[in-house]
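Under the working numbering, the first residue of the sequence shown is numbered 4, with each subsequent residue one higher.
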Amino acid sequence: MRRAAVLVFAAVILAVTLPWSFSESLLRELAIVQIETQTGFKAEIAGRATLSLLPRPRVKLEDVTIRDDSGEPVIQARIVRGDLRLISLLAGRLELKSLSLDTPTLSIDLDREPFGGNSALARAARSSTGSAEATEAERSRLPAVTVSAGLVRLHSKVHSFETLVQDVNAVVEWPRIGSPAALNGSAVWRGQPTQFDLTFARPAALLRGEQSAATLHVHGALDADADGSVSSRPRIQFEGSIKASTASVPELARTLGLTLPVLGPLGSAWVDGEANVTGTNISLSNARIGVDGNTFEGSLAIAAGNGRAAISGTLATESLQLDAAAGDMPSVRGSDGQWSREAFDLSGLAKNELDLRISAARLRLGSLQAEDAALSVLLKGGRMELSLAEASAYKGTAKLRAVATISPPRLDLKINGSFSQMDVGALFLSAFDTEWISGTGTGQFALQGVGGTPAEVAAGLDGKAQFTVAQGEINGINIEQALRRLEKRPLLSAADVHNGHTTFDAAAVTVQVAQGAAQISEGNVEGPGAQIAFEGTISIADRTVALKARASQTGEAGGNRAGGPELDFDVSGSWDDLSVEPDAESLIRRSDAAAPLFGVRREGDGSVEPLKSGSTKLAFPQ
4 MRRAAVLVFA
14 AVILAVTLPW
24 SFSESLLREL
34 AIVQIETQTG
44 FKAEIAGRAT
54 LSLLPRPRVK
64 LEDVTIRDDS
74 GEPVIQARIV
84 RGDLRLISLL
94 AGRLELKSLS
104 LDTPTLSIDL
114 DREPFGGNSA
124 LARAARSSTG
134 SAEATEAERS
144 RLPAVTVSAG
154 LVRLHSKVHS
164 FETLVQDVNA
174 VVEWPRIGSP
184 AALNGSAVWR
194 GQPTQFDLTF
204 ARPAALLRGE
214 QSAATLHVHG
224 ALDADADGSV
234 SSRPRIQFEG
244 SIKASTASVP
254 ELARTLGLTL
264 PVLGPLGSAW
274 VDGEANVTGT
284 NISLSNARIG
294 VDGNTFEGSL
304 AIAAGNGRAA
314 ISGTLATESL
324 QLDAAAGDMP
334 SVRGSDGQWS
344 REAFDLSGLA
354 KNELDLRISA
364 ARLRLGSLQA
374 EDAALSVLLK
384 GGRMELSLAE
394 ASAYKGTAKL
404 RAVATISPPR
414 LDLKINGSFS
424 QMDVGALFLS
434 AFDTEWISGT
444 GTGQFALQGV
454 GGTPAEVAAG
464 LDGKAQFTVA
474 QGEINGINIE
484 QALRRLEKRP
494 LLSAADVHNG
504 HTTFDAAAVT
514 VQVAQGAAQI
524 SEGNVEGPGA
534 QIAFEGTISI
544 ADRTVALKAR
554 ASQTGEAGGN
564 RAGGPELDFD
574 VSGSWDDLSV
584 EPDAESLIRR
594 SDAAAPLFGV
604 RREGDGSVEP
614 LKSGSTKLAF
624 PQ
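#1: Whole-angstrom Cβ separation of residue 377 and residue 397, contact assumed at under 8 Å?
#2: What would DSSP say about residue 568, mapped onto helix, strand or coil?
#3: Going by beta carbon distance, what residues of the same chain come within less than 6 Å of residue 185, once the five residues before and after it are set aside?
#4: Smallest Cα separation from residue 341: which of 73, 456, 85 and 424?
#5: Strictly by DSSP, which residues pair up with residue 372?
#6: Should the segment 76-93 be called in touch with the segment 132-143, which here means at least 3 C-beta pairs below 8 Å?
#7: Along the alpha helix (DSSP H) that carries residue 28, what are the first and last residues, could you check?
#8: If we count Cβ pairs, one from each stretch, closer than 8 Å, do we get three or more for the segment 281-288 versus the segment 403-418?
#9: Between which two residues does the alpha helix (DSSP H) containing residue 91 stretch?
#10: Measuring only the C-alpha atoms, how far is residue 515 from residue 525?
#11: Looking only at its own chain, which residues have a Cβ that is under 7 Å from the Cβ of residue 193, when we skip the five neighbours before and after it?
#12: Tell me, to the nearest whole angstrom, how far the beta carbon of residue 2 is from that of residue 471; I am working on the premise that it is less than 8 Å.
#13: Expressed to the nearest angstrom, what Euclidean distance is found between the alpha-carbon atoms of residue 543 and residue 521?
#14: Measuring only the C-alpha atoms, how far is residue 321 from residue 356?
#15: I'd like the list of long-range same chain contacts for residue 596, defined as Cβ closer than 7 Å, with 5 residues on each side in sequence excluded.
#16: Could you tell me the distance, in whole angstroms, from the CA atom of residue 120 to the CA atom of residue 327?
#17: Under 8 Å by Cβ, that's how I've got residue 245 and residue 278 pegged, so tell me the actual separation to the nearest angstrom.
#18: Put residue 349 into one of helix, strand or coil per three-state DSSP.
#19: Secondary structure at residue 318, three-state DSSP: helix, strand or coil?
#20: When the Cβ atoms of the segment 102-119 are set against those of the segment 68-77, are three or more pairs found closer than 8 Å?
#21: Bridge partners of residue 175, per DSSP?
#22: Answer with buried or exposed for residue 541, where buried requires no fewer than 16 other C-beta atoms within 10 angstroms of its C-beta.
#23: Where do the ends of the alpha helix (DSSP H) carrying residue 432 lie?
#24: Quick check on the DSSP output: what are the complete beta strand (DSSP E) runs of length 3 or more inside the segment 456-497, in order along the chain?
#25: Based on the DSSP secondary-structure assignment, which residues constitute the bridge partners of residue 62?
#26: Under a Cβ-count criterion, where at least 16 other Cβ atoms within 10 Å of its own Cβ denotes burial, should residue 556 be classed as buried or exposed?
#27: Leaving out five residues before and five after residue 295 in sequence, what residues of the same chain have Cβ atoms less than 8 Å from its Cβ?
#28: Keeping to the same chain, check which residues put their C-beta closer than 7 Å to that of residue 34; ignore five residues upstream and five downstream.
#29: Which residues does DSSP pair with residue 412 in a beta bridge?
#30: Cα separation between residue 387 and residue 231?
#31: Using DSSP with H/G/I as helix, E/B as strand and the rest coil, what is residue 114?
#32: Which value, in whole angstroms, describes the spacing of the CA atoms of residue 220 and residue 250?
#33: Candidates 166, 83, 300 and 36: which alpha carbon is nearest residue 149's?
#34: Using DSSP bridges, identify the partner residues of residue 297.
#35: Check residue 553 in the structure and name its three-state DSSP category.
#36: Starting from the C-beta of residue 535, find all residues in its chain whose C-beta is less than 6 Å away, skip the five residues before and the five after it, and write them out in chain order.
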């Protein structure tokens with residue numbers, strides 16, 4: 004009570020005497036001295052300077068400008084209010100206890116020190132830790148600073164960087180240069196509202212280029228909590244633990260002004276691990292990383308600059324689900340079911356870098372599955388290489404390598420792969436939702452194409468492929484039964500072909516691809532009761548099939564049975580609606596009743612002979 008009474012009495016005395024002791028010009032001069040002492044920069048007060056004592060000593064300055072050594076404005080504020088220390092005021096000095104800036108504009112040059120050479124901050128920065136000069140400088144008191152509705156311009160000529168932070172509402176609490184400092188508040192950066200809270204245990208050490216413990220909490224497009232140490236020289240660097248998450252990777256990338264080296268936009272992501280942050284480079288180690296529901300462990304590095312991002316890392320996961328990423332990629336098919344004629348959007352790939360190695364115990368894309376997959380993705384200089392070094396899939400193994408050279412708007416694509424001892428039935432069921440073939444498959448292929456759209460690439464594909472299937476079945480057609488009944492009931496065998504299945508010991512096909520058309524010149528299926536030879540064209544460009552096949556009965560020792568029946572049939576239609584139909588003319592020719600219509604007759608041994616010329620015409624009822 005006694006202390007309060009003394010302060011009230013002193014305030015009353017000041018209220019009576021100071022208005023007569025301080026002229027506006029003197030007040031302005033004292034305020035300028037205080038500002039220049041704190042910042043080391045030149046100050047101008049173009050407007051009024053007023054002092055009020057009740058309920059507490061306060062100064063109000065209008066139209067304040069603070070300039071750096073080059074004369075460039077560092078701070079411009081329409082109104083600056085400051086609470087004064089009473090004891091200093093009684094001694095005839097203005098010493099700010101707190102300072103508030105109303106709608107200020109702050110210009111921060113990231114290439115220069117944020118204070119002038121004659122300030123207490125500069126003296127602290129020049130001194131050695133533990134020296135008398137450092138001790139004296141660190142005792143210097145600083146006012147708490149409040150910024151209301153501020154605009155901050157950050158710029159750097161060295162890094163060709165400039166950005167605006169709007170609607171800044173923040174408080175800086177740094178009582179003495181040698182004490183901890185805290186910054187908290189909110190702002191809007193590139194349209195994203197953000198809340199922040201930073202603390203530094205030894206800010207004076209940072210001024211001297213040493214380390215200080217620091218914590219960071221951010222909530223916005225990125226939610227982050229970091230705890231570690233910060234150093235300021237030669238560049239700002241953070242080392243410590245970090246937890247961060249974002250609900251939208253694309254939204255975060257747009258906020259940061261980055262394009263990402265991925266084909267399709269990602270969704271949510273999070274990270275928890277040890278971080279080393281230097282400038283715009285981030286290295287994560289001993290990290291757990293989540294992307295679109297996938298969880299990885301390992302290391303990751305991100306280097307960002309000039310709107311580009313370079314990502315590299317080695318990651319491992321128990322389960323890798325690619326549906327989310329693939330589902331967001333542009334469709335390669337149009338609304339008409341044909342290959343899309345929409346141009347590739349390759350802008351995000353042409354100028355970024357990616358080097359990832361991923362091992363996945365389980366890999367899933369749609370209904371396709373694999374195990375023990377070793378993946379790598381390399382993107383640099385407009386060249387992207389995707390490699391599946393090896394994976395176990397459908398009781399066999401698979402390898403794949405795809406190389407895309409990007410020269411927007413065109414894409415030069417090369418794909419090659421192989422698989423061995425794979426369960427073809429399970430593969431076709433997963434990939435195409437059909438069980439029309441089964442067996443153990445082995446094969447290899449190599450394709451290449453160039454174009455600006457999926458349709459152009461498909462129409463220009465060249466390459467070759469070779470596949471074999473052992474100990475399998477073709478479901479939905481029964482060639483063996485159709486051949487057995489062919490001699491007795493040729494016309495009815497057409498119905499028999501669509502019932503049951505055809506068992507085979509081995510099937511093989513060789514394919515040559517040119518200008519979007521796959522030409523089958525050598526296709527064979529051999530089984531215990533039938534042998535099938537086929538040839539024709541599979542149009543990749545038009546997504547159609549036109550194959551002709553001939554089935555023949557085999558003997559007990561294998562090979563065609565001499566004089567045995569043969570059945571011709573066609574495989575045709577679109578990829579989405581294939582049909583297998585016996586050749587009608589060959590069936591009619593084998594019918595005793597219909598043979599004369601085609602100028603032939605069947606002999607007793609089953610062979611077909613031409614009729615005499617006088618018997619080639621038939622008279623139909625009128």
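Cβ coordinates follow ideal geometry from the N, Cα and C atoms, glycine included.
Looking at the coordinates:
#1: Not quite, the Cβ-Cβ distance comes to about 17 Å (not below 8 Å), so this is no contact.
#2: DSSP places residue 568 in the coil class of the three-state scheme, outside both helix and strand.
#3: Closer than 6 Å at the Cβ level, and outside the excluded window around residue 185, lie 176 and 202.
#4: For residue 341, the nearest C-alpha among the options comes from 456.
#5: According to the DSSP secondary-structure assignment, residue 372 is paired through a beta bridge with 367.
#6: Flag = no, the segment 76-93 and the segment 132-143 do not touch.
#7: Element bounds for residue 28: 27-42.
#8: Verdict: no, contact absent.
#9: 89-93 is the span of the alpha helix (DSSP H), which, as asked, contains residue 91.
#10: Their Cα atoms are separated by approximately 10 Å.
#11: Closer than 7 Å at Cβ, skipping near neighbours: 258.
#12: Within the shown structure, residues of the chain are numbered from 4 to 625, placing residue 2 beyond reach of any answer.
#13: So the two alpha carbons sit approximately 7 Å from each other.
#14: Rounded to the nearest angstrom, the two C-alpha atoms are 26 Å apart.
#15: Unreliable positioning characterises residue 596 in this predicted model, as indicated by a pLDDT of 48, which lies under 50. A coordinate reading is not provided.
#16: For the pair residue 120 and residue 327, the Cα-to-Cα distance works out to about 55 Å.
#17: Indeed, because the Cβ distance is near 4 Å, the residues count as touching under 8 Å.
#18: Looking at residue 349 - three-state DSSP - the assignment turns out to be coil, as it is neither helix nor strand.
#19: Correct three-state label for residue 318: strand.
#20: They touch, by the three-pair rule.
#21: DSSP lists 148 and 186 as partners of residue 175.
#22: Burial state of residue 541 is buried, judged by a 10 Å Cβ sphere holding 16 or more other Cβ atoms.
#23: Per DSSP, the continuous alpha helix (DSSP H) segment holding residue 432 begins and ends at 427-435.
#24: The DSSP assignment places 465-478 as complete runs of the beta strand (DSSP E) inside the segment 456-497, in order along the chain (cut-off: 3 residues).
#25: Paired residues: 54 and 85.
#26: With 16 or more Cβ atoms within 10 Å of its Cβ, residue 556 is classed as buried.
#27: Within the same chain, residue 295 has close Cβ partners 269, 270, 271, 272, 324, 327 and 328.
#28: Sequence-distant partners of residue 34 (beyond 5 residues in either direction) whose C-beta falls short of 7 Å from its own C-beta, in its chain, are 48, 52, 62, 64 and 97.
#29: Residue 412 pairs with nothing; no bridge assigned.
#30: The alpha-carbon of residue 387 is positioned some 37 Å away from that of residue 231.
#31: Residue 114 falls in the coil class under three-state DSSP.
#32: Their backbone Cα atoms lie some 17 Å apart in a straight line.
#33: The residue with the shortest Cα to Cα distance from residue 149 is 83.
#34: BP columns for residue 297 point to 294.
#35: In this structure, DSSP gives residue 553 an extended state, which the three-state scheme calls strand.
#36: Cβ within range, chain order: 528, 552 and 554.
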